[in-house]
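Engineer: Below is the structure I would like to discuss, written out as structure tokens.
Residue numbers (the working numbering): 1104 to 1379.
This is how it looks when you write it as structure tokens:
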């Protein structure tokens, strides 16, 4: 059996019944499926995106503990030291242990994983619901394009409250974020400041941020400028029905970061041209 959902969201499976047609087509039997109380999550549509080259993909720091419990690439060899609780077994220096009679480990310069964030503007006025669907699809496409094998990713979006959803290193297909995107709805633009406060609170641990805007207004431009004042590495993807109007606004008051104007009929083509 194959189902083709028409829109994203959660489809509840309750009182599921199975129709069994007669071979001659004269009648059908209907049988209830026992103990079927489940749901199907329909992820947003995704487009192909050019390979991302975000800031901080080769960032190092002398943290000593940053990646001590994760499997992955390590930096230069620094030397030997006494074992500390929590050190991974793979770093034990067996010859040093045999020589000194106490556990010795190899110490490396650790790789600091880049930490990215995707901010989704899901603030819509009445009649802009279709534009929100396009924005959610663009956000989902970016999420799928981020390589979480070598980075971590946050989604910052507004629901009943400002929500931060994280995908840790090695997350498979970013399912936590995709589930939120499947269910997200629109919010009034007056709540934009709430989203801004949450984004600014998280700024210190972020390497780079992509903001997906649903439309373009003066309040959104101010939101982006205030984020840029914090020193964040920003990229804005602005979805709008009429790019010429948004282009005139950005030319009259230039934005402090690189930005791309995307019109819904050309979403996939525009995403393939992005240089992120």
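No residue lacks a Cβ here, since even glycine has one placed at the ideal position from N, Cα and C.
#1: Among all the DSSP beta bridges, which residues are the ones paired with residue 1363?
#2: Determine the extent of the beta strand (DSSP E) in which residue 1317 is found, giving its start and end residues.
#3: Hey, how far is the Cα of residue 1133 from the Cα of residue 1125?
#4: Out of 1136, 1145 and 1342, state which residue places its alpha-carbon closest to the alpha-carbon of residue 1286.
#5: Note down the Cα distance separating residue 1157 from residue 1333, rounded to an integer number of angstroms.
#6: For residue 1146, which of helix, strand or coil comes out of DSSP?
#7: Flag this pair as yes or no: are the beta carbons of residue 1261 and residue 1298 separated by less than 7 Å?
#8: Taking DSSP as the reference, what is the three-state secondary structure of residue 1283?
#9: Counting only the same chain and skipping the five closest in sequence on each side, list residues whose C-beta sits under 7 Å from that of residue 1350.
#10: On the DSSP letters alone, give me the boundaries of the beta strand (DSSP E) that residue 1261 sits inside.
#11: Restricting to Cα atoms, I'd like to know which of 1187, 1215, 1344 and 1240 is closest to residue 1147.
#12: Can you check whether the CB of residue 1265 is closer than 7 Å to the CB of residue 1301?
#13: Taking the beta carbon of residue 1111 as the centre, do at least 16 other beta carbons fall within 10 Å, making it buried, or is it exposed?
#14: What separation, rounded to the nearest whole angstrom, lies between the Cα atoms of residue 1373 and residue 1343?
#15: Could you check the C-alpha separation between residue 1252 and residue 1122 for me, to the nearest Å?
#16: Based on the DSSP output, what are the partners of residue 1135 in its beta bridges?
#17: Would you tell me roughly how many angstroms separate the C-alpha atoms of residue 1232 and residue 1268, rounded to the nearest one?
#18: What's the C-alpha gap between residue 1249 and residue 1116?
#19: So, using beta-carbon positions, are residue 1314 and residue 1346 closer together than 7 Å?
#20: Per DSSP, what kind of secondary structure is residue 1174 in: helix, strand or coil?
#21: Could you check what DSSP says for residue 1187 in three-state terms: helix, strand or coil?
#22: Measure from the alpha carbon of residue 1319 to the alpha carbon of each residue in 1118, 1224 and 1108, then state which is nearest.
Structural biologist: The relevant details are as follows:
#1: Residue 1363 sits at position 260 when you count from the first residue of the chain shown. Note: residue 1363 sits in a beta bridge opposite 1340.
#2: For the purposes of this step, residue 1317 is taken as residue 214 along the chain shown, with counting starting at 1. Unbroken beta strand (DSSP E) run through residue 1317: 1311-1317.
#3: Counting from 1 along the chain shown, the entry for residue 1133 is found at position 30. Counting from 1 along the chain shown, the entry for residue 1125 is found at position 22. Rounded to whole angstroms, the gap between the alpha carbons of residue 1133 and residue 1125 is 11 Å.
#4: Along the chain shown, read from residue 1 onward, the residue named residue 1286 stands at position 183. Of the listed residues, the one whose Cα sits closest to residue 1286 is 1145.
#5: Mapped onto the chain shown, residue 1157 falls at position 54. Mapped onto the chain shown, residue 1333 falls at position 230. For residue 1157 and residue 1333, the distance between alpha carbons rounds to 18 Å.
#6: As a working mapping, residue 1146 is identified with position 43 in the chain shown. Three-state result, residue 1146: coil.
#7: Locating residue 1261 in the chain shown gives position 158, counting from the first residue. Locating residue 1298 in the chain shown gives position 195, counting from the first residue. Against a cut-off of 7 Å, the Cβ pair of residue 1298 and residue 1261 comes out as a contact.
#8: Translated into positions along the chain shown, residue 1283 becomes position 180. Here residue 1283 sits in helix by DSSP.
#9: Locating residue 1350 in the chain shown gives position 247, where the first residue counts as 1. Cβ contact annotation for residue 1350 (same chain, cutoff 7 Å, sequence separation greater than five): 1364, in chain order.
#10: Residue numbering aside, residue 1261 sits at position 158 when the chain shown is read from its first letter. Run containing residue 1261: 1255-1261, per the beta strand (DSSP E) assignment.
#11: As a first step, residue 1147 is located in the chain shown; it is residue number 44 there, counting from the start. Relative to residue 1147, the option among 1187, 1215, 1344 and 1240 whose CA is nearest is 1240.
#12: Numbered from 1 along the chain shown, position 198 holds the residue referred to as residue 1301. Numbered from 1 along the chain shown, position 162 holds the residue referred to as residue 1265. Yes. Within cutoff.
#13: Within the chain shown, numbered from 1, the residue matching residue 1111 stands at position 8. Label assigned to residue 1111: buried.
#14: For the purposes of this step, residue 1373 is taken as the residue at position 270 of the chain shown. For the purposes of this step, residue 1343 is taken as the residue at position 240 of the chain shown. Between residue 1373 and residue 1343, the C-alpha separation is close to 13 Å.
#15: Mapped onto the chain shown, residue 1252 falls at position 149. Mapped onto the chain shown, residue 1122 falls at position 19. The alpha-carbon atoms of residue 1252 and residue 1122 are separated by roughly 44 Å.
#16: Working through the chain shown from its first residue, we reach residue 1135 at position 32. In the DSSP assignment, residue 1135 forms a beta bridge with 1120.
#17: Translated into the one-based positions of the chain shown, residue 1232 becomes position 129. Translated into the one-based positions of the chain shown, residue 1268 becomes position 165. Rounded to whole angstroms, residue 1232 to residue 1268 spans 23 Å at the Cα level.
#18: Here the question's residue 1249 lines up with position 146 in the chain shown. Here the question's residue 1116 lines up with position 13 in the chain shown. About 32 Å.
#19: Locating residue 1314 in the chain shown gives position 211, counting from the first residue. Locating residue 1346 in the chain shown gives position 243, counting from the first residue. Result no, Cβ atoms of residue 1314 and residue 1346 do not sit closer than 7 Å.
#20: Reading the chain shown from its first residue, position 71 is the one you call residue 1174. Reliability fails at residue 1174, whose pLDDT of 37 lies under 50, so the model's placement of it is uncertain and the value that follows must be treated cautiously. In the structure shown, the three-state DSSP call for residue 1174 is coil.
#21: For the purposes of this step, residue 1187 is taken as residue 84 along the chain shown, with counting starting at 1. The answer is coil: DSSP assigns residue 1187 none of H, G, I, E or B.
#22: Numbered from its first residue, the chain shown carries residue 1319 at position 216. Measuring C-alpha to C-alpha distances from residue 1319 to each of 1118, 1224 and 1108 identifies 1224 as the nearest.
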